[in-house]
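Taking it in order: structure first as structure tokens, then the write-up.
Right, here's the structure in full:
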């Protein structure tokens with residue numbers, strides 16, 4: 001959804017042409033009627049951002065439009081445990097040296113790695129164990145034929161460096177998240193049982209990533225966006241930045257889904273500007289939760305793939321696949337493939353160039369020209 005942007009249709013047309021050039025031929029600009037047909041819960045938004053034309057149909061205002069484009073979302077808290085069970089089942093089992101039956105594939109959730117330990121008996125630099133935030137240390141008990149460590153901290157820039165590895169220079173951006181979990185009565189849940197959408201909402205200078213759905217006995221709406229450059233500083237929840245951004249996010253939710261914000265506050269909020277007091281009321285009721293943190297990108301914008309280095313020395317049994325950025329899901333198969341090839345002699349010039357540009361030791365270079 002796009003609103004509050006002059007000549008919104010022209011803006012959307014440019015986005016559409018970009019998607020079409022990438023092969024997304026189903027991308028199209030939608031009328032208000034088409035939006036409501038796809039998602040009836042956006043009726044209020046469409047009605048308030050359009051006017052009835054001479055043919056009796058709603059036509060977008062100059063500053064509003066909707067674009068059907070590629071995208072999607074998953075609930076990772078639901079998906080990952082189920083995906084783990086699937087992988088564990090299909091990977092099978094083995095019998096260890098003690099005669100115990102073990103799963104071939106095992107995953108530990110909520111175990112933040114904070115340190116690595118090296119094998120002091122090896123001629124090469126080999127990782128031998130990990131340390132965790134809860135104080136636990138895990139060290140290999142056996143001399144395995146092969147033991148590989150793969151680090152994938154995603155957009156948590158600075159993680160490789162904190163573990164003692166080389167990491168490219170990066171820029172940090174503060175990013176707020178706001179979530180509503182609105183308790184609903186049984187008859188309300190029945191009314192909203194089909195409520196579920198995933199989208200972006202664009203406004204002048206703002207883009208919100210947006211998920212909404214019925215979740216057990218409540219209605220969930222979560223938004224993230226409105227980032228700002230923060231360098232190396234970590235934003236705090238009580239700062240003006242977080243307060244202002246979270247109030248902006250709440251008002252954008254009210255602009256798009258006033259019916260649900262009205263349900264949360266138990267009063268009509270349609271067409272009204274919400275205040276910090278309104279936000280605090282929702283927070284005190286446990287309906288609204290806020291978060292602010294730092295995400296980042298490397299200065300050159302490239303992913304970081306392949307070998308890892310500690311104090312200039314290559315770690316023989318470790319590599320990384322990280323720093324993919326917001327679009328990482330789209331090209332994840334490609335970077336995984338390239339990262340796995342880092343130990344081979346690459347005759348393919350494309351793979352060789354990818355690994356060169358994505359080297360974890362890379363640093364900004366200044367090129368001079370005559």
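Residue numbers (our numbering): 1 to 370. The beta-carbon is built from N, C-alpha and C at its ideal position, and this holds for glycine as well.
Legend entry - Contiguous beta strand (DSSP E) assignments of at least 3 residues, all confined to the segment 58–127: 58–60, 64–68, 93–95, 101–103, 113–118
Legend entry - Span separating the alpha-carbon of residue 155 from that of residue 322: 7 Å
Inset, instruction - Could you check the C-alpha separation between residue 117 and residue 140 for me, to the nearest Å? - result: 10 Å
Inset, instruction - Would you identify the three-state DSSP class for residue 234, choosing helix, strand or coil? - result: coil
Legend entry - Member of 108, 10, 95 whose CA lies at the smallest distance from the CA of residue 60: 10
Inset, instruction - Compute the Euclidean distance between the alpha carbons of residue 153 and residue 268, then round it to the nearest angstrom. - result: 43 Å
Legend entry - C-alpha gap between residue 75 and residue 208, whole angstroms: 17 Å
Inset, instruction - Counting only the same chain and skipping the five closest in sequence on each side, list residues whose C-beta sits under 6 Å from that of residue 5. - result: 11, 63, 204
Legend entry - Completely contained beta strand (DSSP E) runs for the segment 203–279, where each covers 3 or more residues: 206–215, 218–225
Inset, instruction - May I ask which residues mark the beginning and end of the beta strand (DSSP E) holding residue 55? - result: Residue 55 -> no beta strand (DSSP E), and no H or E assigned at all.
Legend entry - residue 333 - containing alpha helix (DSSP H), residue span: 328–340
Legend entry - Identified DSSP bridge partners for residue 179: 222, 289
Inset, instruction - Count the other C-beta atoms from every protein chain shown that fall within 10 angstroms of the C-beta of residue 176, then say buried if there are 16 or more, exposed otherwise. - result: buried
Inset, instruction - Following the continuous alpha helix (DSSP H) through residue 38, name the residue where it begins and the one where it ends. - result: 32–38
Inset, instruction - Please classify residue 366: does DSSP put it in a helix, a strand, or coil? - result: With a pLDDT of 44 at residue 366, under the threshold of 50, the modelled position of that residue is not reliable, and the figure given next carries that caveat. Reduced to three states, the DSSP call for residue 366 is coil.
Legend entry - Sub-8 Å separation of residue 147 and residue 317 beta-carbons: yes
Inset, instruction - Compare the Cα-Cα distances from residue 27 to each of 41, 3, 39, 71 and report the closest residue. - result: 71
Legend entry - Alpha-carbon to alpha-carbon, residue 255 and residue 178: 15 Å
Legend entry - For residue 7, the nearest candidate out of 327, 235, 112, 66 (CA to CA): 66
Inset, instruction - Please report how far the alpha carbon of residue 302 lies from the alpha carbon of residue 95, in whole angstroms. - result: 42 Å
Inset, instruction - Helix, strand or coil for residue 156, going by three-state DSSP, please let me know. - result: coil
Inset, instruction - Quick one: using the 10 Å Cβ neighbour count with 16 as the cut-off for buried, is residue 107 buried or exposed? - result: exposed
Legend entry - Spatially closest choice to residue 305 from 294, 319, 16, by CA coordinates: 319
Inset, instruction - Identify whether residue 357 lies in helix, strand or coil by the three-state DSSP scheme. - result: helix
Inset, instruction - Report yes if the CB atom of residue 91 is closer than 8 Å to the CB atom of residue 296, and no otherwise. - result: no
Legend entry - Residue burial classification, residue 225 (beta-carbon count within 10 angstroms, cutoff 16): buried
Inset, instruction - Return helix, strand or coil for residue 12, following the three-state DSSP convention. - result: helix
Legend entry - Endpoints, the beta strand (DSSP E) within which residue 316 is located: 313–322
Inset, instruction - Determine the contact status of residue 219 and residue 260, defining contact as a CB-CB distance below 8 Å. - result: yes
Inset, instruction - Could you please give the first and the last residue of the uninterrupted alpha helix (DSSP H) stretch that includes residue 191? - result: 186–191
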